[in-house]
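Working notes for the structure below.
Given below as structure tokens:
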């Protein structure tokens, strides 16, 4: 009888690791789930096996470590690029002071330059840029007007290719392979200006305000012909005629150079700001992800402890009841 | 880190009281709200402009010139009050004094000198634009602006000989153009260093 008790003890201890023994044929048939091992206590309550919970805890812990590491990486990249973005902020101010920024300008050929990231896991900034681009497209399409996209970055391309494939004029990816510099952006701007016919270029990007706040912004650069037209029409650009144009052969040549220079300066600032926003968004996304993983880990730990204690209690109950059955 | 930026912006605002630039384009906002009601309208650069000094009335001429020297990697000088600036425009050296007529001109590679009282600061500029506004605010936007003290004369000489060699050895038009640009900029730099 002692041997029988011992045998029963052995089975109980090894219970969590085995498929349930047929204590009761009815209960055994219910235990054919392949997802989790069920241990049927005498009370009839089912428990998830501790092994399953342990596996889950291990994977959640790994995820937490990975997301924490990604947050650190994003933080260091952000620090590197933030000073450059802030320094380049002065670059577009004189152009806006001179020419103003009139997104409501009415032109025939609009080109929307959407700046996005190549890599994911950066929160919602790319979706916001795409939504704004689509909004601008809607605003600027009409009977005589046309609106095209130029896309920088993989993520916006993936989203816009779905419904506006025919409107995409040019797309460029892998901008951040080498650290961003003005020469690269100047070449990019040159490419766009040469290959795309435009009356107004609208650049959509996320401006970096702080590590947790990114403001979707749009800058409008007008082609020299439109600038001349608006100058004649009066309004903000009406003062442009009072400026004496020096250098170059003709006024239009200087205005052309001006427009191209403005575009490259604005692009440079936009690309840097977007890169900062991307790193900042990734930081906060990974931070919330590791926090969620931590919460999940806490809950799983509680479940694990509860399961473990319950199985110990069950064993004790069985041993004691078996012993008392022997005595009594 | 971020408080520093905010403080810097605030300190700029302290200098000027009037800003003539509207904060947002009303037509655009109205059209956006009508057509895309679910989304907040994007901000435009107007919302992020630093306030500019007001356009001077026709009578008064400010006594000092306010200059901003900007390049893509930093704002070298912002809202600095000086007496005179000499810029290397494509049409030649151009001097800008307070009360200069409003103008836009292209710059070529050359020396930029800023005269403040008795001291003269010199920068070498690769190229860019200069805007002189009617309120004697001058914006000099350069692709590269280097204080002349930081330029090493020996390496200038070395690169000049290298590029002159490349120019003579160049075969295709592209190589010739590249070498020519190098020679032009470096010889200007050379003469700026000495002159």
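Protein chains in written order, with the working numbering: chain A, 555 to 882; chain B, 20 to 214. Even for Gly, the Cβ is constructed at its ideal location relative to N, Cα and C. Keep in mind that this is a model prediction, so the values were computed, not measured.
- In the DSSP secondary-structure assignment, residue 756 of chain A is bridged to A:666, A:774.
- In terms of beta-carbon proximity, residue 68 of chain B lines the interface with chain A, with at least one pair separated by less than 8 Å.
- The C-alpha of residue 707 of chain A lies about 37 Å from the C-alpha of residue 185 of chain B.
- Rounded to the nearest whole angstrom, the C-alpha separation of residue 108 of chain B and residue 153 of chain B is 19 Å.
- Listed by position along chain A, the residues whose Cβ is nearer than 7 Å to that of residue 47 of chain B are 657, 658.
- Note that the C-beta distance between residue 756 of chain A and residue 664 of chain A is below 8 Å.
- DSSP links residue 96 of chain B through a beta bridge to B:88.
- Considering only A:683, A:771, A:618, the residue with the shortest C-alpha distance to residue 846 of chain A is A:618.
- Secondary structure of residue 679 of chain A (DSSP, three-state): helix.
- Taking 8 Å as the threshold, the shortest C-beta distance from residue 628 of chain A to chain B does not fall below it.
- Cα atoms of residue 190 of chain B and residue 632 of chain A: separation of roughly 45 Å, rounded to the nearest angstrom.
- Close CB contacts of residue 723 of chain A within its chain, under the 8 Å cut and outside five residues either way in sequence, are with 665, 702, 703, 704, 749, 750 (chain order).
- The C-beta of residue 115 of chain B comes no closer than 8 Å to any C-beta of chain A.
- Only residues of its own chain outside the window of five on either side were considered, and among them 88, 104, 105, 106, 107, 141, 142, 143, 144, 159, 161, 164 have a CB closer than 8 Å to the CB of residue 131 of chain B, listed in chain order.
- By the Cβ criterion, the segment 715-733 of chain A is not in contact with the segment 607-623 of chain A, since fewer than three pairs of Cβ atoms, one from each stretch, lie closer than 8 Å.
- The C-alpha of residue 612 of chain A is placed about 50 Å away from the C-alpha of residue 745 of chain A.
- By the neighbour-count definition (other C-beta atoms within 10 Å, threshold 16), residue 688 of chain A is a buried residue.
- Comparing alpha-carbon positions, the option among A:721, A:860, A:838 lying closest to residue 626 of chain A turns out to be A:838.
- Residues of the segment 748-780 of chain A with a Cβ closer than 8 Å to any Cβ of chain B, in chain order: 758, 761, 764, 765, 769, 770, 771, 772, 773, 774.
- Bridge pairing for residue 701 of chain A: A:664 [DSSP].
- Classified as buried, residue 95 of chain B has 16 or more neighbouring CB atoms from the shown chains inside 10 Å of its CB.
- Listed along chain A is no residue with a C-beta nearer than 7 Å to that of residue 128 of chain B; the closest approach is about 13 Å.
- The three-state reading of DSSP puts residue 134 of chain B in strand, counting E and B together.
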